[in-house]
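Using the numbering used here, you'd call the opening residue of the sequence shown number 182 and step up by one each time.
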Amino acid sequence: MKSIMIKCQLVILAAAVCLFFFQTNSYASQKRIKIHGAVEEPLNLTLKEIQAMSEFHINAVSILKEKQNKADKEKLIEVADYGGVLLRDILEKAGMKYKRKWEPAVFIRVKGIKDEEVIFSFGEIFYSSIGRSTLLTYRKDGKLIGSSNGCPGLIVSNDIRNGRRIKAVTEIIVERVDIKMKVYEERKKNILQPSTSYLELIDKKSGNTQKVTFEDLTGLPELQIHDKVQIGDCEGFHGVYSYEGVTLRSFLEKQQFVSQPYFYDRYVAVHSENGFCATFSIGELFNSKLGNNIVMAYKKDGKMLAPDEGFLMMVAGEDNTGGRSVKRISNIIIF
């Protein structure tokens, strides 16, 4: 009788162990991507749920190794065809909390299983063609990609090198930079802040601060953006203009605020004295094929900017709206 009881206990124990491993393995195969933060509907998506969404294909993606300094030789890792779901589509499924005039100051953190983190600006995902090149990928050369945690990877086909590549994405967080926007309140009260002839350049990480004047732009190569359509959700069509200035990228390099190796978990916020703000990711500025389209302009249609536009304004030439066209730049902050 005693031996029968012992055998029963062993059978129960074995069954419990089997159930534990079954549940553990089942959970491991059903790891989820968490989408949260400033979204209307937080999501926890399994790979199967992501695969059920509309699949997007990008062919002949060239992936080069990230360089630690300019002297490093370029190294091609692979050229492959990828399929998956656009990051933009995932974000639209969750819904953006901040809309219209507040959205240019939004940024997106994408995290991986190995503590990787990269940041995208709202503008590059929703205003520019980078949004159609940023893919949560689960298919390579027509075959499903295996993943240790059941989650897709991240590639950006418009990037030059693979610094923003993540092999297994686990979390997507939407945030807005903490800068109060007073522009519309002041406009209702007919308040116009006096135009300044300088801006403050601030690195939040190091604490380094510089006062920048127009003279600090001398020596930088000038760039022209032609036929920029200035249109926005809130204020409609403004016109089509040509701009001349220097790239934000070359400016930050000259002031020695950004250099290789680039840290893609950082971003730049540009804002006016009344708080109108736009974000630009370090990857967008320093690793994208479109980085030279983001300009600090001082001329418009061949003439210096009007006083109400300040001595510098941001122009993102590739954006399909004027949402990131910050006039009267007073601060450039690297977070």
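Beta carbons are placed, not taken as given, at the ideal position from N, Cα and C, and that holds for glycine.
From which residue to which residue does the alpha helix (DSSP H) around residue i run?
{"i": "L268", "result": "L268 to A275"}
{"i": "L493", "result": "Run containing L493: none; DSSP gives neither H nor E here."}
{"i": "R368", "result": "V364 to K369"}
{"i": "F303", "result": "F303 to F307"}
{"i": "G464", "result": "I463 to F467"}
{"i": "Q374", "result": "Taken as a continuous stretch (DSSP letters only), Q374 belongs to no alpha helix (DSSP H), as it is neither H nor E."}
{"i": "S431", "result": "L429 to K435"}
{"i": "G232", "result": "Looking at the sequence shown, residue 232 is not Gly but Gln. First-last of the alpha helix (DSSP H) with Q232: L228 to Q232."}
What is the C-beta distance between residue i and residue j, in whole angstroms, given that I count them as a contact (C-beta under 8 Å)?
{"i": "G293", "j": "A349", "result": "6 Å"}
{"i": "V364", "j": "S453", "result": "7 Å"}
{"i": "Y443", "j": "N468", "result": "6 Å"}
{"i": "I510", "j": "G491", "result": "6 Å"}
{"i": "C332", "j": "I239", "result": "Rounded, the Cβ-Cβ distance is 19 Å, inconsistent with contact."}
{"i": "A286", "j": "I360", "result": "7 Å"}
{"i": "I216", "j": "I353", "result": "5 Å"}
{"i": "G456", "j": "M362", "result": "4 Å"}
Would you kindly report the start and end of the unbroken beta strand (DSSP E) that includes residue i?
{"i": "G334", "result": "G334 to V337"}
{"i": "K246", "result": "Segment: none, K246 is in no beta strand (DSSP E) and carries neither H nor E."}
{"i": "G293", "result": "V287 to G293"}
{"i": "E381", "result": "Y379 to D384"}
{"i": "Y319", "result": "T315 to K321"}
Looking only at C-alpha atoms, which of the options sits nearest to residue i?
{"i": "D262", "options": "E465, K321, D408 and F444", "result": "K321"}
{"i": "V355", "options": "K480, Q441, G304 and T399", "result": "G304"}
{"i": "Q249", "options": "Q441, I214 and S511", "result": "Q441"}
{"i": "G327", "options": "D489, N455, K212 and G456", "result": "K212"}
{"i": "L404", "options": "R357, S387 and S423", "result": "S423"}
{"i": "L245", "options": "A450, M477, E255 and K481", "result": "E255"}
{"i": "I347", "options": "V299, K392 and I306", "result": "V299"}
{"i": "E259", "options": "K274, L272, S243 and I336", "result": "S243"}
{"i": "F288", "options": "I306, I513, R281 and E366", "result": "I306"}
{"i": "I311", "options": "R505, K295 and D340", "result": "D340"}
{"i": "Y445", "options": "N371, V410, T318 and F516", "result": "F516"}
{"i": "V427", "options": "M495, F418 and Q411", "result": "M495"}
{"i": "D482", "options": "G420, Q436, D489 and R505", "result": "G420"}
{"i": "L224", "options": "E247, D253 and A275", "result": "A275"}
{"i": "R313", "options": "V291, R269 and M277", "result": "R269"}
{"i": "A219", "options": "R290, Q374 and L257", "result": "R290"}
Would residue i be called buried (16 or more neighbouring beta carbons within 10 Å of its own) or exposed?
{"i": "M485", "result": "exposed"}
{"i": "M186", "result": "With a pLDDT of only 49 at M186, under 50, the local geometry of the prediction cannot be trusted, and no value is derived from it."}
{"i": "N206", "result": "Because the pLDDT at N206 is just 37, under 50, the model does not fix this residue reliably, and the point stays unresolved."}
{"i": "G560", "result": "Residue 560 cannot be examined here, being either before or after the span of the chain that is shown, 182 to 516."}
Give a yes or no on whether 8 Å exceeds the smallest Cβ distance from residue i to chain B.
{"i": "T502", "result": "Within the model displayed, chain B is absent; a lone protein chain is all it includes."}
(message) Measuring CB atoms only, is the stretch 428 to 443 touching the stretch 469 to 477, in the sense that at least three cross pairs come out at less than 8 Å?
(response) Using a C-beta cut-off of 8 Å, the stretch 428 to 443 makes contact with the stretch 469 to 477, since at least three inter-stretch Cβ pairs fall below that distance.
(message) Pairs of beta-carbons, one from the stretch 216 to 235 and one from the stretch 263 to 278, closer than 8 Å: are there three or more?
(response) When C-beta atoms of the stretch 216 to 235 are compared with those of the stretch 263 to 278, three or more pairs fall below 8 Å, so the two segments count as touching.
(request) Could you say if the stretch 398 to 410 and the stretch 372 to 386 meet the contact criterion of at least three C-beta pairs nearer than 8 Å? (result) Touching, no, given that fewer than three Cβ pairs across the two stretches are closer than 8 Å.
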